[in-house]
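In the numbering used here, the protein residues as written are 728 to 1158. Backbone N, C-alpha and C fix where the C-beta goes; we use that ideal spot for every residue, glycine too.
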């Protein structure tokens, strides 16, 4: 049977089976296809690490780590990275969450995989290759029963077991030159097969990843009346792309999605208007997100300036962010614990940090000489900010494990009511 992956030359014969298998089940078992696309992506990326002398295998060899290693990110174009990261995320959702992958999502993942494989083949093949476009007419349209989560997880375990036992695919490193030394003019350009679908699937995947049910009532395309400026003096209706709701029925966040080719920040003002409309309707101002699928910005406009984030927040995280507006106290009126810090310059340092935070800054830097009580000041800051309900958890970093252990002992003495965990030695008790 003809396949979209028939173009793969014999040089890559060991890598043909998985994408071909994924192609067979797009409509019959879309979750299985998404899982196989992710598996195929991992096989091809591992091949790159074995055969490109510029790529150095990182200590962590999970697919996520391989993709985020700087050497690999230098190798692929930014749009390529976003596309294959979508393949990875869809595959992970198929195997590890309750998300039901749709056929159009599986087909899109396969299309993106085809583009990435075409690029690898063109760049690393021993012979010049002709790019063959993806043909949806080759996809079997019959529907069937999808594989269960247990079956998908068992397939994933079997694959990783195979990877741990199999150290090589082909020994061709000596015959392959560095990509920078070769004529690669024939490599097909990176393209987006369906820009609107990519953005929709990517945003949906990021939201599902942190537990949001996109099929719930009023989550997608929520109608807001009289919130958008018009050419006339009247206000028109608008549709928020996504509204994320709290258990009390009030909006926790609004999400504005823009085209992948556009900077998501062009949606900032529009998202603010939707937030205004939601606040007017429900009496609670939501946190604002705007995203093009590849980049996501968060704006808690009652407190801080917008900032780029790696993804969306869970319901609990958003609930904590919204509640903090109500419960956090004015830092200027809070007292400093003299049993931890009693020197005037330590108090001054803490007050300066408080001034910065209350001026809507998210960062502050204290530079202190040896012996002036840096650990005491940091512990006192934790005590100060937690009592004022500005923080809940704190990450303390040091450049040596011995310093981390020493800091933990000190924090336990200074803050007996706040548990401390040494993440280099212990695992946090989630109960």
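Assuming residue i contacts residue j under a Cβ cut-off of 8 angstroms, what Cβ separation, rounded to an integer in Å, is found between them?
i: residue 836; j: residue 954; result: About 35 angstroms separates the two Cβ atoms, so there is no contact after all.
i: residue 839; j: residue 814; result: 6 angstroms
i: residue 1002; j: residue 992; result: Actually they do not touch by this definition, with Cβ atoms about 15 angstroms apart.
i: residue 932; j: residue 766; result: That pair is no contact at about 17 angstroms.
i: residue 1045; j: residue 979; result: 4 angstroms
i: residue 1113; j: residue 1077; result: Wrong, their Cβ atoms sit about 13 angstroms apart, outside the cutoff.
i: residue 1138; j: residue 1129; result: With a Cβ gap of about 15 angstroms, residue 1138 and residue 1129 do not count as contacting.
i: residue 754; j: residue 863; result: Actually they do not touch by this definition, with Cβ atoms about 11 angstroms apart.
i: residue 1123; j: residue 1134; result: 6 angstroms
Applying the 10 Å Cβ sphere with the 16-neighbour rule, what's the burial state of residue i?
i: residue 809; result: buried
i: residue 1016; result: buried
i: residue 772; result: buried
i: residue 1110; result: buried
i: residue 779; result: buried
i: residue 1079; result: exposed
i: residue 994; result: buried
i: residue 762; result: buried
i: residue 844; result: buried
i: residue 758; result: buried
i: residue 1086; result: exposed
i: residue 818; result: buried
i: residue 975; result: exposed
i: residue 1060; result: exposed
i: residue 1027; result: buried
i: residue 867; result: exposed
i: residue 1094; result: exposed
i: residue 944; result: exposed
i: residue 1019; result: buried
i: residue 760; result: buried
i: residue 985; result: buried
i: residue 822; result: buried
For residue i and residue j, I'd like the C-alpha separation in whole angstroms.
i: residue 841; j: residue 768; result: 10 angstroms
i: residue 1067; j: residue 1058; result: 18 angstroms
i: residue 1120; j: residue 1055; result: 15 angstroms
i: residue 1104; j: residue 1047; result: 26 angstroms
i: residue 1081; j: residue 829; result: 49 angstroms
i: residue 1069; j: residue 792; result: 45 angstroms
i: residue 1074; j: residue 1051; result: 25 angstroms
i: residue 908; j: residue 851; result: Low per-residue confidence applies at residue 908: pLDDT is 44, beneath 50, and the placement is therefore not dependable enough to give any value.
i: residue 1145; j: residue 1125; result: 19 angstroms
i: residue 782; j: residue 846; result: 17 angstroms
i: residue 742; j: residue 732; result: 10 angstroms
i: residue 983; j: residue 997; result: 8 angstroms
i: residue 967; j: residue 1029; result: 20 angstroms
i: residue 1092; j: residue 1100; result: 15 angstroms
i: residue 749; j: residue 800; result: 25 angstroms
i: residue 785; j: residue 775; result: 13 angstroms
i: residue 824; j: residue 1064; result: 45 angstroms
i: residue 860; j: residue 1083; result: 55 angstroms
i: residue 949; j: residue 969; result: 7 angstroms
i: residue 894; j: residue 789; result: Caution is warranted here: a pLDDT of 42 is assigned to residue 894, below 50, making its placement in the model unreliable, and the coordinate value is therefore given only provisionally. The straight-line gap from Cα to Cα measures roughly 15 angstroms.
i: residue 738; j: residue 777; result: 14 angstroms
i: residue 1008; j: residue 1000; result: 12 angstroms
Can the beta-carbon of residue i be found less than 8 angstroms from the beta-carbon of residue j?
i: residue 920; j: residue 848; result: no
i: residue 820; j: residue 935; result: yes
i: residue 1005; j: residue 951; result: yes
i: residue 745; j: residue 730; result: no
i: residue 928; j: residue 832; result: yes
i: residue 1131; j: residue 1102; result: no
i: residue 922; j: residue 988; result: yes
i: residue 1014; j: residue 1053; result: no
i: residue 1089; j: residue 1141; result: no
### Query
Do the segment 1038 to 1045 and the segment 1010 to 1026 meet, that is, are 3 or more Cβ pairs less than 8 angstroms apart?
yes
### Query
Are the segment 960 to 975 and the segment 843 to 862 in contact at 8 angstroms, needing three or more beta carbon pairs?
no
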